[in-house]
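All the letters of the sequence shown, read from the start, carry residue numbers 166 to 324 under the working numbering. For each residue, glycine too, the CB sits at the ideal point set by N, CA and C. Remember, predicted model here, so these are calculated numbers, not experimental data. A short worksheet on the structure shown next.
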Amino acid sequence: VESDAAIAPYAQRVHAANGVPWIETVNAVMTDSGTGRVPFFSRRDLRTSSLVPDDGAWQKVMMVPLMDLNLMLTEERISLVVHNLPASPMRLLGQAALGSVERILVGNAHRGDAANPEAWPALTGRGYTAIQEGSTVLLDRSADAATRASHRTRPVCAG
């Protein structure tokens, strides 16, 4: 699920390069409530595009449909969640139906609250071990997570 439609072709190429070309990229914004559409502010630097107009430096506004995270996780039996924005996974995933999700990979964890190990209790309290490598945090509750965490240089916190 990608909120910026401009990134979808890139995501498909990444999936193909990783041997999973059947993965579908859907243009939507994940939510735990609500329906409809929300504005998405596209910027020249795609990494700074967001749901917030902020500085007004956006190039284009797109209306993006909302998608129910819990419905997707349960119907598709998702085992890996990759998220590039640190603030929303803490809020959204902290109360999500994560029954089948073994790993959550959060990029840009150096931004905002995600850089703080105490920011992850909603997930570590649900059995995930948080391991930070540079600006990335892996939240893992697979059987070998504790072993993997002990071999990392910077375990953040464990559940």
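{"Item": "Residue from N192, Q177 and H180 whose Cα sits closest to the Cα of E167", "Value": "N192"}
{"Item": "According to DSSP, residues forming a beta bridge with E298", "Value": "T301"}
{"Item": "Sequence-distant residues of its chain with Cβ nearer than 7 Å to S207 (five each side left out)", "Value": "D169, A171, S214, W223, Q224, K225 and M227"}
{"Item": "D305 burial status per 10 Å Cβ neighbour count (16 or more: buried)", "Value": "buried"}
{"Item": "Rounded C-alpha distance that separates P174 from P186", "Value": "12 Å"}
{"Item": "V128 - containing alpha helix (DSSP H), residue span", "Value": "Coverage of the chain is limited to positions 166 through 324, which leaves residue 128 absent and any answer about it impossible."}
{"Item": "Separation of T289 from A261, as counted between CA atoms", "Value": "13 Å"}
{"Item": "Rounded distance between the beta-carbons of L211 and V194, thought under 8 Å", "Value": "The pair is not a contact, with the Cβ atoms about 16 Å apart (cut-off 8 Å)."}
{"Item": "L236 - DSSP class collapsed to helix/strand/coil", "Value": "helix"}
{"Item": "As assigned by DSSP and simplified to three states, the class of T190", "Value": "coil"}
{"Item": "Alpha-carbon spacing of D278 relative to T294, whole angstroms", "Value": "Residue confidence is low: D278 scores 49 on pLDDT, short of 50, so the model does not pin down where it sits. Its coordinate-derived value is still stated next. Going by the C-alpha atoms only, they are around 17 Å apart."}
{"Item": "Integer Cβ distance of L303 from L270, believed to fall under 8 Å", "Value": "5 Å"}
{"Item": "Which of helix, strand or coil DSSP assigns to D278", "Value": "Below a pLDDT of 50, predicted positions are generally treated as unreliable, and D278, at 49, falls in that range; the measurement from the model is reported next regardless. It is helical."}
{"Item": "Whether L245 touches T200 by CB criterion (7 Å)", "Value": "no"}
{"Item": "Reduced DSSP category for E241 - H, G, I as helix; E, B as strand; rest coil", "Value": "helix"}
{"Item": "Contact set for V203: own chain, Cβ-Cβ below 8 Å, skip 5 residues either direction", "Value": "V194, L216, M228, V229 and L231"}
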